[in-house]
Amino acid sequence: MAGDSTRPGGQEPTDQETTSGFAVPEGLELPSSENDHPTSEFAVPEGLTVPSRPEPHSEFTPAQGIPVLAWTRTGPWQDRMRTMVRLPLAERPSPEYVPRGEDESALPVPRVLDLTLRIGELLLAGGEGAEDVEAAMFGVTHAYGLDRCEATVTFTLISVTHQPSLVDAPVSLSRTVRRRGTDYTRLAAVFQLVDDISSGEVTLEEAYGRLATIRRNRHPFTKWQLTIASGLLAGAASTLVGGGWQVFLLAALGAMVGDRLAWLASSRGLPEFYQFVAAAMAPAAVGVVWAAGHTTGREEVQAAAMITGGLFALIPGRALVAGVQDGLTGYYLTASARLLEVVYLSVGIVCGVLAVLYIGETSGVRLDPDVVARATRPAVQLGAALLLSLTFCVLLQQAPNTVIPATLNGGVAWLIYGAMHDTAGLSPFAATAVGAGMVGLFGQLQSRYRFTSSLPYVTAAIGPLLPGSAVYLGLLGFAQGNVNAGLENLLTAVTLALAIAVGVNLGNEIARLFIKSPGLTTPIGRRGAKRTRGF
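Numbering (the numbering used here), first residue to last: 18 to 552.
Take a look at the structure:
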């Protein structure tokens, strides 16, 4: 048959010779079926042990040379977020979001961004520096698990942008800061809220509730209390520059009248420039009237002390320090706007005082700039410096627990200035810079141990160092037609003001570099396995 298999010789094969190409050779056992012993192709061979999974390193530097991010989770959120602000977006560690309530299983991105903007608005309106505002905004977004966020802070506009992924459209929100005020109690409450959010203790809705409570809270001091504080501040400042008890009372009277005039201009809706013009005219008028009735050299000194004391309460030292700080930290647009604000307010003071001095000069009132000399009375002047810092705390609406440290900080600043300038005979610029540096150092130390802003401990303490006498002498030179002397004294005042601002900023940076935060300070490096798969 055609289908039969035959051998080449036509012989049929026998059953014993019929074999398969896959038959097991003689002497070997047939392996067991895979159905009897199911296994995986990735099973570990017999005789080998499974190695333990290596733990990822606590610090990881990629091949391209990105530095390790020192991440101190137990330190102040300001330090951690300031580190993030100074890092490129691709090098920032991803947040680890843990839901804080039953309703927070999903990330409510628009609500988180809106809360971030509202917190940043309060901080910027309260006078906080642009870098600290951005750090607070990063703290909120990072605490609620939003990665790839960018915050932008200018003088009147803040915005925040979140990009969910590389393919999704970004979400961006912005707010305009229209109203500014000085309330350091509210500022401290906002800092405490950001600290609680960063610690994971507050849900999103609780944060909204606390923020609404902060915005509704009234100022701790009334308008009349602020008026009395401005009078005491002017009296203390007049004592610093050589005034007696009569000068103290008259300088306080002039400052209080000027403060009420400024409140009246504010209630009528006039810009802040005209408010400063009105506030500067009253103490200058009191000094000119005093000089008109007293023509001796000693009484001219008293008149100069009255006018100088009124200027201490008006010099925008807070805005100047914030502007210089923004410039030193790289926020040049915001720094330019703040410094321009200082220029406008200073021009308002110049216009108010200069108008009164010019009227006095044309009326025959004798004001001699050569008689202005600061008397050295260490005990009296130290008490005046403490009173000046205390009244500054009231004007800044500070919380009671920050008043005593800020007042003592101002006394230390004046002691350093007096020891260097009056005793050692050093330059007033060097003495002012060192005194302001110690103010910034001690202020940053207090803020780090209280986990709050450094402004309440710094702004009031620089009051005794403000260049009121140089401003008065410059304006008097212009009123008398001596332009060169006026420009020289105003340039001296500007230099002293810049020395204060730079000294405060330098003290802050020194504190951040060398002073450790309370609690555990072991840095935790960024883990590479989570984001880079170990490479």
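Using N, Cα and C, we set each Cβ at its ideal position, and we do this for glycine too.
Restricting attention to 427, 168, 182, the CA atom closest to the CA of residue 176 is found in 168.
Nearest Cα to residue 268 within the set 290, 330, 362, 238: 330.
The stretch 157–167 and the stretch 248–256 do not touch, with fewer than 3 CB-CB distances between them shorter than 8 Å. Membership of residue 207 in the alpha helix (DSSP H) is indicated by the continuous run 201–215. For residue 407, the CB contacts under 6 Å within the same chain, skipping 5 residues up- and downstream, are 424 in chain order. In the three-state DSSP reduction, residue 145 falls in the coil class, being neither helix nor strand. Only buried fits residue 461, as 16 or more other CB atoms lie within 10 angstroms of its CB.
CA-CA distance, residue 464 to residue 242, rounds to 27 Å. The DSSP-derived three-state label of residue 46 is coil. Residues of the same chain with a CB within less than 8 Å of the CB of residue 350, apart from the 5 flanking positions on each side, are 171, 172 in chain order. When the beta-carbon positions are compared, residue 450 and residue 257 stay at least 8 Å from each other. Nearest to residue 297 by alpha-carbon distance, out of 309, 278, 285, is 278.
Per the coordinates, the alpha-carbon of residue 530 lies some 28 Å from the alpha-carbon of residue 218. DSSP, read as helix, strand or coil, puts residue 175 in strand. The residue among 238, 383, 223 with its C-alpha nearest the C-alpha of residue 411 is 238. Nearest in C-alpha terms to residue 395, of all of 417, 439, 367, 370, is 439.
The C-beta of residue 434 has 16 or more other C-beta atoms within 10 Å across all chains shown, which makes the residue buried. Check the Cα spacing between residue 334 and each of 226, 482, 132, 149: the tightest is with 482. Only residues of its own chain outside the window of five on either side were considered, and among them 94, 136, 153, 156, 157 have a CB closer than 8 Å to the CB of residue 211, listed in chain order. Rounded to whole angstroms, the separation of the alpha carbons of residue 270 and residue 301 is 11 Å. Annotation: residue 431 to residue 323 spans about 20 Å, alpha carbon to alpha carbon. Taking every protein chain shown into account, the CB of residue 231 has 16 or more other CB atoms within 10 angstroms, so this residue is buried. For the alpha helix (DSSP H) assignment, the uninterrupted runs of no fewer than 4 residues enclosed by the stretch 273–328 are, from N- to C-terminal side, 289–310.
Cα atoms of residue 429 and residue 215: separation of roughly 34 Å, rounded to the nearest angstrom. With fewer than 16 other Cβ atoms from the protein chains shown falling within 10 Å of its own Cβ, residue 229 counts as exposed. Around the CB of residue 414, 16 or more other CB atoms lie within 10 Å, so the residue is classed as buried. Each residue's CA atom was taken as its position, placing residue 134 and residue 422 some 31 Å apart. The shortest C-alpha to C-alpha distance from residue 509 to any of 523, 492, 225 is the one to 492.
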